[in-house]
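Using the numbering used here, the final residue of the sequence shown is 87, and nothing's skipped along the way.
All residues carry an ideal CB built from backbone N, CA and C; glycine is no exception.
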Amino acid sequence: MDTDSRFTDFILLQAQSAGLFLGQIPHPGTGKTAVNLAAARSVLDCLEMLVAKTKGNLNDEETKLLQSALLNLTTLYSNIERNSDDD
Numbered sequence: 001m002d003t004d005s006r007f008t009d010f011i012l013l014q015a016q017s018a019g020l021f022l023g024q025i026p027h028p029g030t031g032k033t034a035v036n037l038a039a040a041r042s043v044l045d046c047l048e049m050l051v052a053k054t055k056g057n058l059n060d061e062e063t064k065l066l067q068s069a070l071l072n073l074t075t076l077y078s079n080i081e082r083n084s085d086d087d
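See below:
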């Protein structure tokens, strides 16, 4: 099964959105960074749902991309959430 570039683009877009919500990417309109944990959690929930719904239907490259994005974003989310609790 060939990798569908639309799937790759979709996962990268979701990761970019989560990065924006986690304050890692400046907002394109303001140039400022801000953390919105609720919005980031929503993106993570969607990626987790996608893992469950696509199980057995992705090739190795797509699976690795999705799992890597989810792992990286979940780790970043947890670190930011933990640090915001310390404030």
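Boundaries (first-last residue) of the alpha helix (DSSP H) holding residue i
{"i": "Met-49", "result": "37-54"}
{"i": "Asp-9", "result": "5-21"}
8 Å contact criterion, which residue i and residue j should meet: CB distance rounded
{"i": "Ile-25", "j": "Gly-19", "result": "4 Å"}
{"i": "Gly-23", "j": "Ala-15", "result": "So it is not a contact: roughly 14 Å between Cβ atoms."}
{"i": "Val-43", "j": "Ser-84", "result": "Not confirmed; about 17 Å, so no contact."}
{"i": "Thr-3", "j": "Glu-81", "result": "Not confirmed; about 32 Å, so no contact."}
Spatial neighbours of residue i in its chain, beta-carbon cut-off 8 Å, leaving aside the 5 residues before and after
{"i": "Glu-48", "result": "Leu-70"}
{"i": "Val-51", "result": "Leu-66, Gln-67 and Leu-70"}
{"i": "Thr-8", "result": "Glu-62 and Leu-65"}
For residue i, three-class secondary structure by DSSP
{"i": "Ile-80", "result": "helix"}
{"i": "Leu-73", "result": "helix"}
{"i": "Ser-32", "result": "Here the sequence assigns Lys to residue 32, which means Ser is not the residue at that position. Reduced to three states, the DSSP call for Lys-32 is coil."}
{"i": "Gln-67", "result": "helix"}
Interface flag, residue i vs chain D, CB-CB below 9 Å
{"i": "Leu-37", "result": "Reference to chain D is not applicable here, since this structure consists of a single protein chain."}
Residues near residue i in its chain [Cβ-Cβ closer than 6 Å; skip 5 each side]
{"i": "Ala-38", "result": "none"}
Residue i CB to nearest heavy atom of the ligand HEM below 8 Å
{"i": "Leu-37", "result": "This structure simply doesn't include the ligand HEM, nor any ligand for that matter."}
Cutoff 7 Å; reference residue i; Cβ partners in own chain excluding five residues on either side
{"i": "Asn-36", "result": "Phe-21"}
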